[in-house]
Structure formats: C-alpha cells, structure tokens
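Visitor:
Chains as they are written, first to last, in my numbering: chain W, 1 to 475; chain C, 476 to 950; chain Y, 951 to 1425; chain B, 1426 to 1900.
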C-alpha cells in the first residue's frame, strides 16, 4: 500500500562454471529484486579466493555506475544484496554483503530475515570477547558459523551447526573461497529459489530475478535445506528439513513479492487475483467500476472485477518519476506526496460508484488521502476492499510491521476505520481465505493477522540495545 | 512502444497574486509533465523584475535538490520547462527556459513545438548581425519578439506580431518583468491549458500538472490565442484565433499525454480506451486474454477487452527502478533491456491465446522482442493490435518521428510486418477511426499517418545547418 | 593580503599543425593560470569547424575529469579560459569561452579585461534588436565583431574594426573555423604572450602557462596588436599599435601574476624582490627577522632581507589543503579562517622584532588578524611593509578594486592605519618607486594608486544595469 | 621528497566540559593534520554514550560538507583521524575511527603507527573465533582491549593490559562511553600531545592542530603513558613509562611533521634549519644561490644559506591547485606532473651555480627531473644536498619506506647516484648529525638509515596474508 510496510532484504548469488560475468548477472538480479529493499545494495565477487566488494547506500542504478561495476572485475562466484533498513539504523554500516576474514580465509554473506534469539547469542559472544561492527543479525550468524568452523571439517558443516543455534527467519547466501551456499531456515519464512543459466547456478529471493538474466527456474530451496554449489555441481544438506512446521510469510504473496514471481509453486499474481475474487465473494457491493491502488492493488482488483462482473478500470495514474530524492517544498507535505504520486482519472470515476482495492491497510492515513482524491475527482461512492486481513500483531521475521501503536486495526473497530477512511463500505479478506490464496494451503505464517507465531517471539521485542549506541553517517 | 517516439517538451507557468510559492508550484508541475521530456529541465522565477533561473541536464528530481529550489527564492511569477532533445544536439546549451536581456528589460520563454520556417528567419536575423547561442527554434522566436518589441507599445503587441512571422507548432509561456503570457499557435498543434489555484493563475501543457498542485482546470488556450496574465487578471489577444484550421496532434491522445489529462475537452484515457474498442471492432479475434504493453497500451487494452468480452489481464510487470542511468554490462544489450524492463507474468499468458495491445509500432524491433518474451512465457497465439495507424511520414511539429528509413510501415507490407513481429495476426487502427477518438472529431493533424500536412513542411527538412557546428559538453 | 583582490580572468589558446592534443594542452595551461580565476573554467576545441565546448563552475581539476576531457576530442585548435567573477554575477551563465553561431559560421572567444564603454555599446546594440544571454562585456565584443564581419572580407578585418569601437582593457583569444587570433588592447592593460611547442603556436596570459606544457616563450603580443595564426603561420595586424600610450597594469607584477612568469620583459619575481629592496631603502628599521605573508609577500620579503641585511625567515606555514569548499562551522569565522590558513612558526618569531612584508593592504582586516597571530606567537615588535602604495581609487580595467568605501587608505591616515593594524611601524612603497619595479620603467597604469586613468572611466561606473536583472543558478 | 614517502596517520581528540562544538574542533584539527594522511578521514562524536561516526575516502574538505558536519551533532567528546594507505589496501574499509560494540558498550579508536606482532596476535584471536572486518592493526588492538576488558575493572586497566601484549608503534586515541584516552607506545615512535582550550582537553598528533583551534599546548604524552581524560580532569597511567628506550622517529622532524609543530620540545622548523646548517658544514660548495624544493626543503635551505653566507632564493613556484583529482592526459606523465607542480623561476637560477636542498632522496626519479628543470631554466651548476642520510632499510613503524628494491641508496654508490641525478655534487646529512637536530639528542629511531631497530622487526615482514583476500570498492 504505497510503501508503508517494508521487506528487509533481497538476496542473489551466482556460481559460474562457464565464464558468465558474475558481477553483471548480480547487477541485473538486484534490479529485479529492488522492490525488496531500496536503501542500500552491494555485490561481492570472488576471484579465485580474493573477494572484491562494493556496497553503498542508494538504489542499484545509483551505486553501480559502469566504472564501479567494472572495478568488481571477473570471478567465478558472486553474492549480492538489496536492503531496506528502518529509520534510526545505520544504513552504510549495515549494508551487505558482509565480508569478513577468519582463520580459514574469507567469507561473504547476504541475509534476508531476522532472528528471534539474536540478542542472547550476541551477548554470549560478547562475553567471550567478540566485537561487533554492525547492529545486524547477520554479524551474529557470521560469528556463529566462524566459531563452528574452528571445529568443523567443512564450511557446510559449520553452517549446519549454526542452524542448531539460531532461531527465526533467514534466507542466506554464503560465499566461501570455493563454495556458494544457499540456506533457508526450517520454517521457510522467506523465499529462496534456484535457477540455471548455461552451466551457471543461480540463487535468488524470487524467480523474477532469474527471469531478468534469462535463467531457468529449477526449484525452491526447501525450508531447512542447505544447498552447496561448487565446481562439482549442487548437493544438499537436508538435516534441518522438516524439523519445524513450514511457516512461509503469506504477506509475500499479498504485497512484498513481484507479481511475476512464483514462490513455492504459486504465482504471486494468481494469489493476488484470488484475493480479489474472495473479496468479491465475502464483501459484494453494487458498483460501476473496480479500480486498484497501483501497483500492488491491481491484480486483486482484476480478481474482484472478474468475480463480481463489475468492469475493471484504470482509476489512478502513478507518476513513475518520483524517485528517492523527491523533496516536498510546500507545507502540507503528506497530502501533496500522495497527490503527486497518484492522480485519479476523472473520466473513470466521475459520477461512479467505485470499488477501491488495495493490498492492505496499515495506518490508514494514505488510504484516507486516496479516498479523498477519488471523491474530489467525482466518485459518488467509494467501497474499500483490502486483500489482507487487519494487521493486529508485530512481525519478528524480517518486516517492519513492528508496533501495535501504529496499526489502525489495533486501535479502532471496523466501523470506526470505515469512518476514518471516509468510505461507504469497508471489507477485509478473512483470515480463513488468506490461507486459500496459494495452491498448497498449508504452512503459512499469519502471525501479523492472528498472533499465531510459529516460533517464540524475542524475549525483549524492542529494538536491541546496540541500536542505541552507534550511529553512522552516510559519508 | 516503450519510448521510441519522443515529445519535445512540456511547459508550465504560474502568476501568483496571493503569495503562492511559485518555484515549488513549478517543481510539482514539472514532475507531472516529466513524461514530456526527460533530458533537461529548468525553472525561472521573477522576483519583482529580477529573474533567477536554474536549469540543467537531468530529471526534475536530479536537477532540483532542496538547496537549489530554495536558491530560486520567492517571486510573483515563474515559468518552467522539461525537454527531450534528440541525440546530437546540445542538451545543456538548449535547456529552457531561455532567459535574455533586451532593451526593455528581461524575458524568459518556455516553448513546446517546432517551427517550419526557422531556418529562413534565422538566416535573415544573422544577416542583420544576430548571434545565436543555441540551436533551438526558441531563440528565433525570442529574437522576433524582441525586434517587434522595439516598435510596439507592449510585449503582447510584440508577441502578436511575432505570430505573423513564424510558422509551425508552438505552445509558449513567456514571462516579462510584469506579465505572464500563454501562446498557442493558430493550428493548436500542441496543448496548453489554464488553471486556477486560489488567486493564482496557472498555465500548463496538460491538465495533470494542474491536478498535481491542486489547481482547478479553467479552460484550454485556444489555437491562435494569446493569454495575458498580470496583476489585473487575465485577458486575451484573439487576433490569430481562427486564421488557420485547427490541427491538434492526435498522437498526444494515443501516446504523448498522460491518461489522466483532459485535452481540448477529451479525456486522454477515454480516447485510448475508445481506440481499443475500435480495434476490437475492426480486428476481432478469438482469444483468451487481452493484455496491454505498459504503460501506454493499458488503456486501449481495457477498451479492447470490454468491447470484445475477452478478459483483461496483467500480462507484464514493468520494473519501475530502471532509471536514466541504467547501464547494460552484458553483451546482448537490446535484448536484456527489454527483458529487464518488462517481464511477462507466466500465469496469465501460459497456454493462452493472447491479444497484445500497444499504442503504436514504430521500428518494430521492441515489439518483436516483446512478442518473443510472450512466446517464451508460454503464449500459444499472439495477436497484436496497434492503437495508432501505421507511421508513414515524418513529423515537423515537435516530435521526433523524423525519418521514413526507420519506420517499419514505410518499408514493409502488413504481412511482412506480421512476420517480422512474429505474431499470428496484426491489426492497426484505421485512419478513419483515429479521427473518432475524441468527443469533437474535427481538427486533427494526422500527417504522420496520411501525409496531410496542415502547413507546408520546411523547405529543407534536414537538421538545420547550425546543428553541425557547435557541440557543447555536459559539464 | 590572501585573496582580497581578484584578477578577472586568464586566457589560453593553441593552434596545432603537428597533432598536439590541444584539449590536453589547454588543460595544463589552465592549471598554470588557475591563480587568475577560480570561479569557472572552460575549453572549446575546434575540430575542423565543429566546436565542442565544455565549461562549468569550479576549479580546473573539478570541471575537467578524464571523461569530460576526452569528450572534447581532438582538433587543430582550442581556446580556454579561467574566470573569477565578483559576487552577485552569474557564474555559470558568464563562464567562458563564449561560443556563438553567426552568419559566417561559429566563433569562440576568451577575454581578460573590462571595457569602459560597454554600457553605451550594449544599449546601441539593443536598440537594434540584439538580445543578450550574459552580462559580460565579452558578449558586447562578440556582437561588434559579428556586425563588422557582415561587411568585412575576413574575420581579422572585423576584429580590427571592433577595436575602433571598444575602449578599455581586453586581452582576447578568438577562434574562428580556421584561425586563432590573439588581441591585446592598445594600452596593453592585461598581459598576453606567444609561445611555440614543436609546430604548434600557443597564446597565453602568462609565460608560466607556456612552461607548463614545455613550450618556448616567443614574445609578448604588443599593445594594439592582432596576431593571426593559421595553417600558413603567424602574422600581425599592426594598425592599432601605438595609437594609445602603453599602460600595462603594475599590480600584475605586485600581486596578480605568478612569480615565475615574465611579462613584457620583466620577471615578476624580480619585480617583487625589487619592491622589497626599495621598501628596505624607503622604510628601514632595526629588526631581527624579515618574514613575508605567503605566498605573494615572500619575494618582496627576500628583497627586503637582502637589502637590509636582516635575516630572512619562514614566519608562517600555509595550510595547502584549504580548498574552495572549506566551511567554517564555528562562530568567529573570519578569525578562524586566517588562523587555519596561516599558522606562525613560533620558533622564528618568538622574542623577535619582526619585519612583516605583504604585497598590499586593502581593507586591513586580514592584515590586522595576521599581526595579532604574530604577537600571540611571541613577536615583540611587528613592522609592516607593503609592496604596493595605498589603494585610493577603483580599477575599471578588469580587477575588483572597485569601491572607495572598502579601501582602508581612503578612509584613514597612515597613523590611523598603523594603529588599526596594531603594528609598531608601517611603510608603503612609494608611487615613484612602483614605476621602477620593471626593467623598462615607462608605460604603467597606476590609477588605483594615483588616479591617473589612461582612458576615461565609464560614465556610470556602477555595476551595469543588466546585472540586476538576471540571476542564474549553479545548476 | 614531494610525496614519495607517507606517514600513515594523524589523530585528534577532544573532551569538552564547557560546551565546545567537538565535531567542529575535530574538523579544524583534521585540516591542520591533513599532511599526515590524504586518503580518508573521519570523526566520531560521543553524545552521552551514543556514538555517531562519519568517515569516508577523501580529503577533509571533500568528506565533511556542512550538512555532514551538522549531522554529527553535539556531544561532549570526539575522536578523529586522517589516514594515508598504501596502494592495494582497502581505503574505505580501513578508514578510521574504528567504532565497535562490545559487552560493556561502545568504543571508538584512532591509531597512528604499526605493530610488529600484529600477525601473531591476529592468528591467536582467529583461532578463538574472531572475525576481522578490516586489514588494519587497529582492529587487533581493539580486540585485545576488549578481551582484557572482560576481566578488568576499567577501560584504562584493559588498555594498560593491551600494552603488555602488543609491540611496535602506536599513538592511540580511545573513546569509551565516558572517557577519552591518549596512549603512546613505550618507544614513543609517533608523536602525541595534549592541549587545553577553555575547559576542554585536546589530544593531537602535532601541536599545529592545537594552534588551529586556538588551544594552548600543555605537554607531550610521554612514551608509554596512558592519559585518561574524563569529567574529573586528566590523570595518567605510568606503568609502561620507561620500560623501553625512547625511540621517536627522526624523520618526523625532517619530513613528516609540519614545520610549525613542536614535538617533544623541539621545533620542527628549527630542526630542519639545523639540518641545513649541518649540511653547509659537512658539504660546503662555492655557489651563487641556495634554493629549497618546496615545501619540505625550504627550512633546510634557509639553514644552509645562513651558515654558508650564500644568498637564499625562491627557486621554484609550486602550483597550489594540483589536487587529488589531477589527471594527466598527455603521454609522458611523470615528466609533466613534476613540471606542472614545480616551475623554476628562471630569473633566480639562470646563469647561477645553485645549491638545491631537499628533505631526502628516495628513488631519485623526481630529484633527477627537478634537476633537469633547473638546467633547462639556465642553472650552470646544481649541487644537491639532502637533509636526510641515505635510506638503507625498511620502516616497520608506520611509514611506507618498505622495500630495499626501490631505495636508490641501496642499489647505487654515492657517485652513481650523483650521475643518475645529474648533479655537480651531492651531499647527504651524516647519521651522526641527524641525531643533533633536536635539542635533546637522545632517543631517536634511525633504523631506516642505520638498521638499528629499537624492537625486533616482524617475523614475516611482507604484507600480511589478509591483505590478499579482501578488496573493497570505493562505493
């Protein structure tokens, strides 16, 4: 819903056996994953054990100029990352991939997710003399791998032992001097898939990143699986598969992922279109046109229109030139930002009863502004439908749905929200039907809606204590 | 069609009588007009006769940082411009607004269009000792106004006399020390409209720019009209109204303008949707889904779907992070650029007979690539429909449809084009129906389709001789 | 004096008959002339009649990156410029070289100096319909050349006729499609010299720029001379030689020029050392050490030390990393800036009677601060000596000594100034001896000291009226 | 000699009890220390336990814009650093201050020097599971402090224990949540001094940095001393004082430090002037003028001139606009760079027998080029004198005199060097007299000249193995 909730990261990795330019492949892959994080990005290239890394605050096309990309040079492997960081953390310091030296050589990691026992692990490490340069969970994971590595025969063994220690959400790509590894936590909170391009193997958060370089989708990494890729091919460590119930994030389908991605066998576009169909069944209304809030409400709007028989229309034009550096010189900023981003098409809504479909309603302020724009453009009725059930609980698994204070559904009744939004009717997708969006209806985390956490939340769910201590400039 | 044809410019102006921040208003206005020109942009603010101008190569959000916008300061009037320039010209040198000193003070101009007798006028001026700093027609217009100003009682009289001399397309905003003027050539090639916000008067290429600052649409400037705005209000010089047949560019409706704009009484979105309906009537086909090429083919696709009864689908996801600085590190660049910008949604097209609607077909290379992507994604049939008739002739009125060599329809038969594009069937909107896209069917320039030029083309239609002589760096 | 008075420009040009990289030669030449102007710089390359120009606000090493320099490409001729502009003018708009199109082709100009009849000429041109894009005198000169060109057989004839019309200071380099011309006004206010490198001919403001590219000094351009350089060699138009008394700026020797330059036969370093010797004779004092204010007071300090027999010492260390972008975050900025730029060497001045030699005293504020630093470092007496006589009059010939209000010597007696500066004694070089600094003592402009203007000052000596009207941003 | 040898770092710290803007004080201090490192710089501000850090590749005026400086905000303490890094290391990764989280909170460190047992310590740490983000010795020092901190009652106790473990050169400034500490290794290789400004205490590599903010010099930190500064004042841990013989770097006086600094009681300027006097006594010659190579040869040239009675002259003008971004577009780059930086003043050297004084001779290539420039300018004899004895051995204590291969004196006899440089005579300061440059002649490290290393060199003196493994981009 126009940027209110953020996925924390996207990861991408390549192991090439056929001379593919791995830095360029990462560059394309990050472009396709940019929606998963716009704050910082980075690529680390492994050139026969020498790791060159370039990462910075900014979008892919800002950080990776032609010169910088060519400075990364050639190599047989690379790992890449896009990151969204919540305000108050340290964007440059926490940019990934994380590259470290240790007793056995060097290692680069890219991580999507969040641990629930990071604070405890961190404190134990510190009591043993560890120092931390970042405030990210990734550094905790890195330490645990390296410490296990001291007594393991291989890096994959060390990674497997790390999985015994950490709890929570993690889709990881790990690059050692000679191997590329993909790891998905036993719950499978975040997606991770495998692709093939010629004789190169790819790992990516979403299949759309495979498409961007012309690679073929092979399969998803299984929850709990470690995929080890080296010169001999691909193999798996399956020891952690099945030890936990699958609990992949349903909001990936509703909002985070790109509609052209297929995750764990279900097309994101189809899942969203189904959400719209269910909404039409759950919350029917007499109306003249169905419109979606661009871009993430469009697929569900089509589903609603098809199911209901009400014509689908293009209700808003989105200004595609609003970039990160957009400034708001006038007073009433919030208002203007919505208007400059989204302009209603009067010819479509004037004098009409409008069904307005959006992916979700978080705080409600943007939704209310959008509704007001529609009314100014002449809509006579506005019926709002949300593809997601009401948000009632924080997420501890890698998104920033983090405070009950800011969630409108925690503080107001349905009728109150309807009035706040200024709509004629309001309908949310039910928690029952949200489980039916995918082909395989089992194994989703819906904690943000229903509070059923697949694993225990952090003991101290506030921002960890380290976040308060260091703040690094952009310079 | 994804960017093959370019509008040359967008213009915006404000006259404030109530303390509106005119620089900020221009900033928002330019954002809304960015689709009309992405090469350079500028704003000139008139602070009690002192004109401060900031212009540079780049998008609005690149050129106008917070600091730069505040350096423009306050004033009662401002004029602004976005520009697209064809390769080989001098982007920074030709950036607008053009600000000049002359015997009566200073003047700033913003121009959308192209003259057909610029070369002759320029030579005559040079024979009288004139020097030119730019290669743009705007400098010719400026000279003609200033020379007429020497013997005129007012700037508006000088502007009126200039209109007796120049031929071709021009929508102008002119700022003198005390007045803001909007001028539209007698044919009305390019749009220009008037808006109101509080006690401020706005001029803009398209009504979507009025919406962006919350202004109300008042009316379009009439072909041949000079609108004079000053502290006393708005008045018109109507001497050139009606002296030429109206010939506004029909391609504004099909491609250039934003769908949320209303031009000369017709909604651009509705015109495009009608194009789709006509296409369904002219070129029906048995199919499973209708998809549009984002973004400019979407409206027509909806029209086709509604008329035909075939379901509308979202066939492509467009990567919204591809910016001006996108680089293409891999070999097969053209190919990758289309794929990274547009990814088909397999779930929508796989195993389907697809109607693919685009706004137009220029060279055919991008269309062929898009068709190939659809087939790779599993489409079993692809039926292409173009909202524009075939391009057969160059445009001399402010767009870059300039060479028969590059227009696929000039070189190939319909059947040949169908084979080149690799589609199962191909249909263009007819020239007859293109005239029916607007509510008022009279008065369009369709020269690019049918060769009926409303005024004589330039005697030497090549790039003017000056273009060869100076080339200015970006620095 | 550390930067209180500014030269307006430096010029450089190359005509190559042997494949010399003319853009690179200009780049080196501008580096050597950077002291003559730090606001903007530019290079225009003539590639067989096509002129490519790159100019921008900034130092040479900021504007000319490797990419930008290579974009200028190859050519047989080039002209280049560094500029200092007083506050309130329009740095980017007025950056040079000025490149224009006219009826006979294109022309590029670089200008050092200032006209005294620019306002009258400009008004006459405007009454004939001329428009001005800049506020510089250079555009007036350009117009006059182009207008004369209409009725002349050659560009050099047009330049010669222009010289009949304009009055004041101008050292010009003009580049036509096939010729490079050097012009020095009949008074010879500003320097201009000719050099040779292989089969290439060079024009430069100062001989140090010839040294920087390894070229040999050939001779100075004579006051009133037009030097025409083309494929056939060098020739002169001597019609304006001798029509005015020579009046070259004596302050070039005292401050503006680099000490390693030789102007009109006299080494700048030697002239400065002589100033120090004369000061020792005119204003002797009992002291322990002679120190100079870096950098422009050092040569005269050596002269004073040698003549007086008092040891020369290094009294200050200048911080060489203070760049254009130096900011002053603390409160008492002026104070801190001097201290951070110049730190006294205590070991040299502590307990000593110090003779402090500077090139000149303009407002006195910086001098007073420097004296205070010396006293804080332990100097027991400070005796100030100035290589220049007191400034009493504005300069209209290309420097910014422009207002009696700000000249300390216009407002205070010698004794008052001594007290203001806080020195034990104060001595200026006499106007008589300032004429003896050069080997050839005739023909200097000393108007800033004695009010003897070689040609009538402008009728309205304020900033011209156009300066008020346009202000251009840096963007 | 003009940039061939590099100091690795400069450090600066402030503890304020009176509201001094500590970030601004650091900014000024870094400006004054810029000569000690031009590759990267950084400032960390402690705002009541929250540390904000800004560091980047670039000069102080490039990294610290007004915005960035103000983002650092206010605080009671700050630590700052300038760094020079040899090619092939990772400038951004290794930029300082280093800021880390550990079990007791946060810590920031700035370090000047180099350890001789870093590799051994690092390996031991890694065997215990440590990971390293940088390749610098500073991270080793940090780990050792933190590990000692686990069992120490205070941070100063932990620092003291760290000093029992590490060997080599280190002048450190350490900032804990409540204390600022200055540490100088027991040999006192690198300088570190204490200043006072109002009720604020300052630590700085050189006294010139105290001058830059108007602070008073208090005293040098003693070799082996830990100075602890907190709200209660200053106190010392003196346990490591006197446990090693003093061995401060004599080359600080000859080249690294600024002449206006006073180190361990001796003025750098006076030390250099003495070097010139000794050279005149050791290597007298009949000549007409004594000139120094700017800037570091000037002081010694004055000493030579005074002792010999031969007049001192300004032989070269140094171009002060050659910045870090200077590019060399022409072919013979090395040659041009010297010429564009240094231009001889012909009037001073033409026809003269010249004594040329430089601080040292490393490879000899630049010296040879300078001599050639003098001959081209007309010098009839050139007698070179070096303030430093011949370099014969690598330095392991924080400078980059690291390879015998590149030291001309290791490969050639005095007569051969004389011929290579193309001088008429050549004289180095003797190792005996180099010890007499300071007021207190005992306790210098002269290992680079005589091979007497104060502590054992590293067991494997090559670049450490980690340097090979990671390479980070500038982005």
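The beta carbon of each residue, even a glycine, is placed where N, CA and C say it ideally should be.
1) Given that residue 1158 of chain Y touches chain E, what residues does it touch there, using C-beta distances under 8 Å?
2) Note down the Cα distance separating residue 694 of chain C from residue 842 of chain C, rounded to an integer number of angstroms.
3) DSSP on residue 1629 of chain B, reduced to helix/strand/coil?
4) Taking residue 1571 of chain B as the query, report the chain W residues whose CB atoms sit under 9 Å from its CB, ordered along the chain.
5) Suppose the cutoff is 7 Å on Cβ atoms and the five residues either side in sequence are ignored; what does the same chain contact list for residue 1686 of chain B look like?
6) With a CB to CB cut of under 7 Å and the five nearest residues on each side skipped, what residues in its chain are close to residue 1176 of chain Y?
7) Report the three-state DSSP secondary structure of residue 1788 of chain B (helix, strand or coil).
8) For residue 1100 of chain Y, decide whether its Cβ has a neighbour in chain C, counting only Cβ atoms nearer than 7 Å.
9) Just the C-alpha distance for residue 902 of chain C and residue 451 of chain W, rounded to the nearest angstrom, thanks.
10) Please list, in chain order, all residues of the same chain as residue 1733 of chain B whose beta carbon is under 6 Å from its beta carbon, the five residues on each side excluded.
11) Report the three-state DSSP secondary structure of residue 8 of chain W (helix, strand or coil).
12) Would you mind telling me which residues of chain W sit closer than 9 Å to residue 773 of chain C, beta carbon to beta carbon, in chain order?
13) Quick check on the burial criterion: 16 or more other C-beta atoms within 10 angstroms. Buried or exposed for residue 151 of chain W?
14) What does a CB cutoff of less than 7 Å around residue 1353 of chain Y pick up in its chain, not counting 5 residues either side in sequence?
15) Is residue 1698 of chain B helix, strand or coil by DSSP?
16) Measuring alpha carbon to alpha carbon, tell me which of W:77, W:69, W:98 ends up nearest residue 83 of chain W.
17) If you draw a straight line from the alpha carbon of residue 1053 of chain Y to that of residue 598 of chain C, how long is it in whole angstroms?
18) Can you give the Cα-Cα distance for residue 53 of chain W and residue 42 of chain W, rounded to whole angstroms?
19) I need the straight-line Cα distance from residue 492 of chain C to residue 669 of chain C, nearest angstrom please.
20) Taking the Cβ atom as the reference point for each residue, do residue 885 of chain C and residue 859 of chain C lie within a distance shorter than 7 Å?
21) Whose CA, out of W:299, W:344, W:372, lies closest to the CA of residue 357 of chain W?
22) Taking only the alpha-carbon atoms, compute the straight-line gap between residue 143 of chain W and residue 549 of chain C and give it to the nearest angstrom.
23) Do you know whose CA, among Y:1221, Y:1030, Y:1265, lies nearest residue 1240 of chain Y's CA?
24) Taking C-beta pairs closer than 7 Å, name the residues in chain C that residue 269 of chain W reaches, listed in chain order.
25) Going by DSSP, what residue range makes up the alpha helix (DSSP H) through residue 347 of chain W?
26) Considering only residues of the region 197-269 of chain W, which uninterrupted alpha helix (DSSP H) runs meet the minimum length of 4 residues and lie entirely inside it, listed in chain order?
27) What does a CB cutoff of less than 6 Å around residue 1112 of chain Y pick up in its chain, not counting 5 residues either side in sequence?
28) Within 8 Å, do at least three Cβ pairs link the region 1525-1545 of chain B to the region 1587-1601 of chain B?
29) Considering only C-alpha positions, which residue in the set Y:974, Y:1303, Y:1078, Y:1199 is nearest to residue 1348 of chain Y?
30) Hey, is residue 1521 of chain B's beta-carbon within less than 7 Å of any beta-carbon in chain Y?
31) In the DSSP assignment, find the beta strand (DSSP E) that holds residue 1399 of chain Y and state where it starts and stops.
32) What three-state label does DSSP hand residue 143 of chain W in the structure shown?
Guide: In short:
1) The displayed structure is made up of protein chains W, C, Y and B, and chain E is not among them.
2) 37 Å
3) Reduced to three states, the DSSP call for residue 1629 of chain B is strand.
4) 126, 129, 130, 131
5) 1631, 1632, 1633, 1693
6) 1106, 1109, 1110, 1131, 1133, 1186, 1187
7) coil
8) yes
9) 54 Å
10) Exclusion of the five residues before and after residue 1733 of chain B leaves 1705 as the residues of its chain whose Cβ lies within less than 6 Å of its Cβ.
11) coil
12) Under a criterion of Cβ atoms nearer than 9 Å, the residues of chain W adjacent to residue 773 of chain C are, in order, 314.
13) exposed
14) 1344
15) Here residue 1698 of chain B sits in helix by DSSP.
16) W:98
17) 7 Å
18) 7 Å
19) 16 Å
20) no
21) W:299
22) Within the model, the alpha-carbon separation for residue 143 of chain W versus residue 549 of chain C is close to 56 Å.
23) Y:1265
24) Identification of chain C residues near residue 269 of chain W by a Cβ-Cβ cut-off of 7 Å yields 789, 820, 822, 823, ordered along the chain.
25) 346-349
26) Segments of the alpha helix (DSSP H) lying fully in the region 197-269 of chain W: 207-212.
27) 1094, 1095, 1098
28) These segments touch.
29) Across the set Y:974, Y:1303, Y:1078, Y:1199, the C-alpha of Y:1199 shows the shortest separation from the C-alpha of residue 1348 of chain Y.
30) no
31) Looking at the DSSP string, residue 1399 of chain Y is not in any beta strand (DSSP E); the run it does join, the alpha helix (DSSP H), is 1397-1400.
32) helix
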